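Asks: Letter by letter, the sequence shown follows residues 13 to 304 in the numbering used here.
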Amino acid sequence: MAYSYRLPPYSWDSHIHVIDPENFPLSPDRTYTPLPAPISAAQKYCEAQSISHPVIVTPSIYGTDNTILLAALEAFSPNAIGVAVLDPFSEPPPSPETLQSLHNAGVRGLRINSASNPSESVLRAHAELCKPHKWVLQLKTPLDAFATLHKLIPTLGVPVVADHFAGACAGENPYSQRGFAEVVDLMKRGELWVKISAPYLGSRFGRDGNYADMGVVAKELLGEAPRMCVYGSGWPHVQGDTGDDPLVARPFRDVDDSAFVDVVKGWVVTWRAFQRLMVENPRRLWGWEGRD
């Protein structure tokens with residue numbers, strides 16, 4: 013297949029990770045161990061993919077230790093922003109000085125990574141940490157969580173973005189999946205952003221099928237709320253918790269990032285819509301308007 017892969021100037025990738033166990037030890041409580049993907053590899057990825065602005069997210073394998081995130085932000089400065097992980101219920105809780113220091117380093121969001129429906133108290137506590145610097149609250153939850161969070165999210169008082177198609181999976185009718193209708197409703201009201209990212213998490217076809225079965229989900233999200241979607245790769249594409257020994261390093265998924273971007277271009281159809289997804293929308297979400 014011949015790809016027409018090309019990105020607009022100043023394109024964003026709103027979801028990458030940096031992993032360097034040798035210099036930044038992983039959490040002993042991690043549920044999986046990936047291979048290294050250090051800062052230098054992330055820089056090469058962005059250069060190869062013509063990504064001007066990466067959003068670097070602290071992965072769960074580091075717990076609430078954001079040291080590697082801060083190092084990556086310094087290396088990418090001033091073109092990257094970060095999404096950190098904090099525990100608002102820690103003793104002592106994150107101080108205003110800690111939040112200011114993270115903000116000065118380039119952090120613009122906090123992530124909640126939950127395998128189930130996060131409680132109202134957890135969401136509100138994270139939202140309170142986001143408010144002083146107008147950060148984004150990033151959610152990695154199952155799709156059906158949004159059926160419960162539908163009324164809560166608009167009351168949080170901060171921008172909210174859902175990872176990875178909001179957890180939706182491939183299928184003929186995405187509205188048959190519990191929580192999808194609520195996601196679309198929130199997006200249409202400007203209350204929820206969604207990352208068109210990591211398609212392998214919901215695809216049945218995988219790389220060989222270019223994740224084409226996720227098209228019905230993507231086209232619905234992009235069609236109903238085109239101003240509330242942003243692109244993210246998920247690089248370096250960890251396998252996550254496979255149920256195997258969490259201390260044994262697992263290879264990354266075999267993902268062709270250029271090919272996936274080309275598939276995304278087909279979903280949005282027009283170059284104007286593609287530019288909105290890759291440049292204009294992430295600028296608004298991450299507070300970058302007027303800086304390029």
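Just so it is clear, CB atoms sit at the ideal spot from N, CA and C, and this is done for glycine as well.
Just so we're clear, the structure is a prediction, and the values are computed from it rather than from any experiment.
What is the DSSP secondary structure of N51, counted as helix, strand or coil?
Replies: A small correction: the amino acid at residue 51 is Ile; Asn does not occupy that position in the sequence shown. Of the three classes helix, strand and coil, the one that applies to I51 here is helix, per DSSP.
Asks: With a CB to CB cut of under 6 Å and the five nearest residues on each side skipped, what residues in its chain are close to P20?
Replies: So the qualifying residues of the chain are Q287, M290 and V291.
Asks: Quick one: what does DSSP say A193 is sitting in, helix, strand or coil?
Replies: Note: A193 maps to helix in three-state DSSP.
Asks: I'd like to know if the segment 227 to 246 and the segment 195 to 205 are in contact, where contact means that at least 3 CB-CB pairs between them fall below 8 Å.
Replies: The answer is yes - the segment 195 to 205 touches the segment 227 to 246, with three or more Cβ pairs under 8 Å.
Asks: Using the C-alpha atoms, what's the distance from F88 back to V206?
Replies: In a straight line, the C-alpha of V206 is about 24 Å away from that of F88.
Asks: Pull up the distance between the alpha-carbon of A49 and that of G94, whole angstroms please.
Replies: Their backbone Cα atoms lie some 16 Å apart in a straight line.
Asks: Nearest by alpha-carbon distance to N222: which of N129, V267 and R18 is it?
Replies: Residue V267 is the option with its Cα nearest to N222.
Asks: By DSSP, does P171 sit in helix, in strand, or in coil?
Replies: Looking at P171 - three-state DSSP - the assignment turns out to be coil, as it is neither helix nor strand.
Asks: Assuming the contact rule is C-beta atoms closer than 8 Å, N311 and T153 should be a hit. Round their C-beta distance to whole Å, please.
Replies: Any question about residue 311 goes unanswered here, given that the chain covers just 13 to 304.
Asks: Can you tell me which of the three DSSP states S16 falls into?
Replies: Caution is warranted here: a pLDDT of 48 is assigned to S16, below 50, making its placement in the model unreliable, and the coordinate value is therefore given only provisionally. S16 falls in the coil class under three-state DSSP.
Asks: Give me the Cα-Cα distance between S16 and P40, rounded to the nearest whole angstrom.
Replies: Unreliable placement is indicated for S16, whose pLDDT of 48 sits below 50; the coordinate value is still reported in the next sentence. If you take the alpha carbons of S16 and P40, they lie about 43 Å apart.
Asks: From N116, L114, Y22 and L135, pick the residue whose C-alpha is nearest to that of I124; which is it?
Replies: Of the candidates N116, L114, Y22 and L135, the one whose C-alpha sits nearest the C-alpha of I124 is L135.
Asks: According to DSSP, Q150 sits in a beta bridge with which residue or residues?
Replies: In DSSP, Q150 forms a bridge with R123 and V173.
Asks: Expressed to the nearest angstrom, what Euclidean distance is found between the alpha-carbon atoms of S107 and A117?
Replies: Rounded to whole angstroms, S107 to A117 spans 16 Å at the Cα level.
Asks: Please report the distance separating the alpha-carbon of F177 from that of V195.
Replies: Going from the Cα of F177 to the Cα of V195 covers about 10 Å.
Asks: What's the gap between the Cα of N131 and the Cα of Q150?
Replies: The residue you asked about is not Asn; residue 131 is Ser in the sequence shown. Between S131 and Q150, the C-alpha separation is close to 15 Å.
Asks: K231 by DSSP, collapsed to three states: which one?
Replies: Three-state result, K231: helix.
Asks: Distance check for T70 and N78, CA to CA, integer angstroms please.
Replies: So the alpha carbons of these two residues sit roughly 6 Å apart.
Asks: Are there 16 or more other CB atoms within 10 angstroms of the CB of N293, so buried, or fewer, so exposed?
Replies: So N293 ends up on the buried side.
Asks: Would you kindly report the start and end of the unbroken alpha helix (DSSP H) that includes K277?
Replies: Its alpha helix (DSSP H) spans residues D269 to V280.
Asks: For A178, which of helix, strand or coil comes out of DSSP?
Replies: Reduced to three states, the DSSP call for A178 is helix.
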